[in-house]
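Trainee:
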Amino acid sequence: MASVPRVWLITGTTSGLGRRLVRAVLARGDRVIATGRTIENLHAQYEESEQLKLMQLDVTEGALIIAAKIQDALAHWGHIDVLVNNAGIGYPGLIEEGGSNLLRKQMEANLFGVADVTMAVLPHMREKKAGTIVVVGSRSAYKTELVGIGFYAASKAAVTAWTETLAQEVSRFNIQVTLVQPGAFRTEGIYSQGFYSGNPIPAWHELREAFRARYASIPGTEKGDPAKAMEALVDVVRGEGKAAGREIPMYLMLGEDAVSDVRTKFARVLKIVAEWEEVTTDVNFD
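In this note's numbering, the protein residues as written are 1126 to 1411.
1) Just to confirm, are S1174 and A1234 a CB contact at a threshold of 9 Å?
2) What is the residue span of the alpha helix (DSSP H) that Y1340 lies within?
3) Given a threshold of 16 other Cβ atoms within 10 Å of its Cβ, counted over all protein chains shown, does I1397 qualify as buried or as exposed?
4) Would F1410 be called buried (16 or more neighbouring beta carbons within 10 Å of its own) or exposed?
5) For W1133, count neighbouring C-beta atoms within 10 Å of its own C-beta (all shown protein chains included) and say buried if the count is 16 or more, exposed if not.
6) Starting from the N-terminal side, write out each stretch of the beta strand (DSSP E) that is 3 residues or longer and does not extend beyond the region 1183 to 1247.
7) Taking buried to mean at least 16 other C-beta atoms within 10 Å of its own C-beta, is N1214 buried or exposed?
8) What do you get for T1389, buried or exposed, if any count of 16 or more other CB atoms within 10 angstroms of its CB means buried?
9) Along the chain, where does the beta strand (DSSP E) containing I1158 start, and where does it finish?
10) In the region 1335 to 1393, which residue ranges form an unbroken alpha helix (DSSP H) of at least 4 residues, counting only runs that do not cross its ends?
11) Which residues mark the beginning and the end of the beta strand (DSSP E) in which G1137 is found?
12) So, do the region 1215 to 1223 and the region 1323 to 1334 have three or more beta carbon pairs nearer to each other than 8 Å?
13) Considering just the uninterrupted stretch of the beta strand (DSSP E) at G1256, what are its terminal residues?
14) Express the C-alpha separation of E1403 and G1238 in angstroms, rounding to a whole number.
15) So what's Q1318 in DSSP terms, helix, strand or just coil?
16) For the alpha helix (DSSP H) that I1326 lies in, which residues bound it at each end?
17) What three-state label does DSSP hand T1303 in the structure shown?
18) Rounded to whole angstroms, what is the Cα-Cα separation between V1150 and T1163?
19) Residues in its own chain within less than 7 Å of R1144 by CB, not counting five upstream and five downstream?
20) Suppose you measure from the CA of I1195 to the CA of R1148; what does that come to, to the nearest Å?
21) Spell out the partners DSSP gives K1178 in its beta bridges.
22) Out of F1320, N1299, S1140, state which residue places its alpha-carbon closest to the alpha-carbon of A1338.
23) Under three-state DSSP, which class holds F1410?
24) Using a Cβ-Cβ cut-off of 7 Å (strictly less than) and excluding sequence neighbours within five positions of A1292, which residues of its own chain qualify?
25) The alpha helix (DSSP H) with A1309 in it runs from where to where?
26) Output yes or no for whether 9 Å exceeds the beta carbon distance between P1307 and L1379.
27) Rank A1399, V1260, D1386 by C-alpha distance to the C-alpha of E1270 and give the top, closest one.
28) Please classify M1126 as buried or exposed, where buried requires at least 16 other C-beta atoms within 10 Å of its C-beta.
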């Protein structure tokens, strides 16, 4: 007997990993509600079909507007089985020049947008006691010692912590959560945004210009194949291919660089913990 097609709601599908994910899911016979900030950009990428519904959704529109649109999405096929919080943006820039304004802008899309979409879908999944929530984070949550990555890395570190707690809370309703942490893939991603220079401070000129050139040189050199990465993600969610017979993991690092960066970060942290343990643990009451 053929399995019932899953319904996936995927945010941020007009470019990058999201666009490749839509193609991969449709190829497996599942259904997709593909969202993007403008309906025109969606129609430029896809044609609606019995498998594919297009819907305008800007994750920074606010909780009430998002909740209403999610209700419209639910009405189309009557259920959502897989939510993929993929929409996001990256603003490379120096911390002092970007200030708290750029940090807030980054958090609006990469943290609060994820929360608003998830909160709109969660009651449906709770009621049917089933569902999978995928949050697309980044290896940048761990690879933070890099000039210019502070705003993006902070947002991805925040959504990492938020997702870890979410997973603990919703597990009692048979809802699975996985945090995807990709490395560098050849997509329209963070390096396409341009290095922030809206508040140039003379003291940072040399460093800013050096890293503006560095970021500009990256697109097209990434080793990661985004189509392969999204095929792997679909395997994990559907329990197929190399993921057959395995439970959905809490963390899903995609790419050799993502795996390497996580290992490097934790090895460094554990080394410091060991070196300073005599000092840091001798703080209890006598």
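The beta carbon of each residue, even a glycine, is placed where N, CA and C say it ideally should be. In this text, all values refer to a predicted model and were calculated from it rather than measured experimentally.
Mentor: In short:
1) no
2) 1330 to 1341
3) exposed
4) exposed
5) buried
6) 1207 to 1210
7) The displayed chain sequence assigns Ile, not Asn, to residue 1214. I1214 comes out buried.
8) exposed
9) 1156 to 1161
10) 1351 to 1363
11) Here G1137 belongs to no beta strand (DSSP E), and DSSP marks it neither H nor E.
12) yes
13) 1256 to 1261
14) 42 Å
15) coil
16) Unbroken run through I1326: none, as it is neither H nor E.
17) strand
18) 21 Å
19) T1138, Q1170
20) 21 Å
21) I1158
22) F1320
23) coil
24) V1302, M1375
25) First-last for A1309: undefined, no H or E at that position.
26) yes
27) D1386
28) With a pLDDT of 39 at M1126, under the threshold of 50, the predicted position of this residue should be treated as unreliable, though the coordinate-derived value follows. Exposed, by the Cβ-count rule.
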